[in-house]
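The opening position of the sequence shown corresponds to residue 588 in the working numbering, with each subsequent residue numbered one higher.
Remarks on the structure that follows.
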Amino acid sequence: MTNHDTGSPFAPHTPSETAAMLAAVGVDSEEELFDIPENVLFGGEFGITRRSEQSVIEETTELLGENDDLTEFLGRGHYDHYVPSWVDHIADRSEFLTSYTQYQPEIAQGFLQALFEYQSILVELTGLPIANCSMYDAATALGEAATLTSRVRTATGETVLVPELLDARRRDVLENYVAGTELNVETYPMNDGNADLTALERRMDEDVALLYAETPTVRGTIEEQLSELGRLAHTADALFCLGTDIVALALVEEPAGVGADMVVGEAGSLGLSTSYGMGLGLFACREQFLRQVPGRLVGASTDETDRRAYTLTLQTREQHIRRERATSNICTNQAWVALRTAMCVASLGPDGLVELANDCVSGARELADRLNAIDGVTAPVHDRHHFREFLARVADAPDVRKRLETRGFAVHAIDDHHLQVCTTETNADERGRLCTAMEDAV
């Protein structure tokens, strides 16, 4: 475009240019270019009063000030770890914030390299050779693992077995994913927070296509029987998928070593503050499933001058190839969040990540011991090792939760008698005050 008298690179058309284009296609207005049914066409006014930026900020600040100022000991899939300030500063650079999909590798080498490093981190942590550059969240990653199972059909069955304590939201997403396949979802029982191996062994047969287990579980327990679970799956000619998160991977048994065919879970616990919504799904698998991996893969090669170069590769999403041959219709990823996670892991380094993971175990154990010393509280409920969070039994969990809230603390009440408490380095200094409040609340 030339002769720009108004506009910007993001909205470049001047009134005269717009009029010339409309004349060229033979219409009088832009509205004529769209065929909008009358029954959905809105012809009124929005009724939004024009406001200055200052007045909007003042009103928004006042509204947000009405929120309760609570110290959160919440978990169950959303975890708060310290995010270094430099992560915000670097990730907020315009070349990262405005980058969508790196379809033009010649101008996106920096971002592509960062995503390649993110994939490499997951490969090192899981022991599996293939990792994509992110899913929406842990729930969609699990759904994609199930549909991958349906496609590869090395498994002969049609049942996806999941823990009976699987987070209900993840179960709902999984059910939506398998609705268009021949797969169905069933649960297997738990014993003291972990998989009931005896009951599961009785259930495993040729009808099972995928066995899914988690460590840590939704209640924070560390699964101690991963190798046995992998063996059960493979004996039944089923695939074994392990759900975990990026911090726990630094401490738990290497997934590849316990027979995991796929690893899914949440990676946004590093790099994102708790948003209770947006996440970052991790997905890794064995090399034999390379061409069935959902989402995006960044590959490394060399250019014509033998310099290392990065590009999106093996793009088998339905927007790139025929729908019937596509691996998935997931059409984007969480590239910017993956960038932040890679930055956090790099800043911690291998030793720092292990130290953080160990703190997640010791912190939960110490807080559970302190709560257990309070009359009327039993913690932890499960006689297991815990990661970040644990259950505590009280007489009236909903009432205790409300009492704690009036004292400035937020915890989960998961049923009539059980609270769930989560602790990380960001609320470690408040553990003593929580215990004092608990003494008054029970």
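For every residue, glycine included, the Cβ atom is placed at its ideal position computed from N, Cα and C.
DSSP lists Leu978 and His999 as the bridge partner or partners of Gln1007. DSSP, read as helix, strand or coil, puts Cys828 in strand. Between the alpha carbons of Asp946 and Leu735 lies a distance of about 35 Å. At a Cβ-Cβ threshold of 8 Å, Val924 and Gly858 count as neighbours. By the C-beta criterion, the region 827-840 is judged to be in contact with the region 802-810, since at least 3 inter-stretch pairs fall below 8 Å. Going by DSSP, Val747 is part of the beta strand (DSSP E) stretching over Thr746 to Pro750.
Taking C-beta atoms as the reference points, Ala1015 and Gly868 fail to come closer than 8 Å. The C-beta separation of Asp832 from Ser856 comes to about 6 Å, placing the pair in contact by the 8 Å criterion. Annotation: the continuous alpha helix (DSSP H) that includes Cys931 extends over Ala922 to Asn959. One Cα belongs to Ile961, the other to Arg789, and the distance between them is close to 40 Å. For Phe703, the closest C-alpha among the options Ile694, Ala611, Thr1023 and Ser888 is that of Ser888. Taking 8 Å as the cut-off, the beta carbon of Val765 is found no closer than this to the beta carbon of Ala800.
For a cut-off of 8 Å, the C-beta gap from Ala944 to Gly963 is around 32 Å, too long to register as a contact. Of all alpha-carbon atoms in Val805, Glu793 and Val772, the one lying nearest the alpha-carbon of Ala782 is that of Val805.
Here Ala800 carries a strand assignment [DSSP, helix/strand/coil]. Burial is judged here by how many other beta carbons sit within 10 angstroms of a residue's own beta carbon; Ser915 has at least 16 and is buried. Of the candidates Ala979, Lys989 and Leu958, the residue whose Cα lies closest to the Cα of Arg1020 is Leu958. With contacts defined by Cβ atoms closer than 8 Å, Ala820 and Leu784 do not form a contacting pair. In this chain, the alpha helix (DSSP H) harbouring Tyr764 covers Ala755 to Val765.
Under a 10 Å Cβ-count criterion, Thr900 is classified as exposed, with fewer than 16 other Cβ atoms of the shown protein chains found around its own Cβ. Here Tyr775 is buried. Its C-beta has 16 or more other C-beta atoms within 10 Å.
In the DSSP assignment, Phe870 forms a beta bridge with Val851. Pairing Arg988 with His973 gives a Cβ-Cβ distance that is not under 8 Å.
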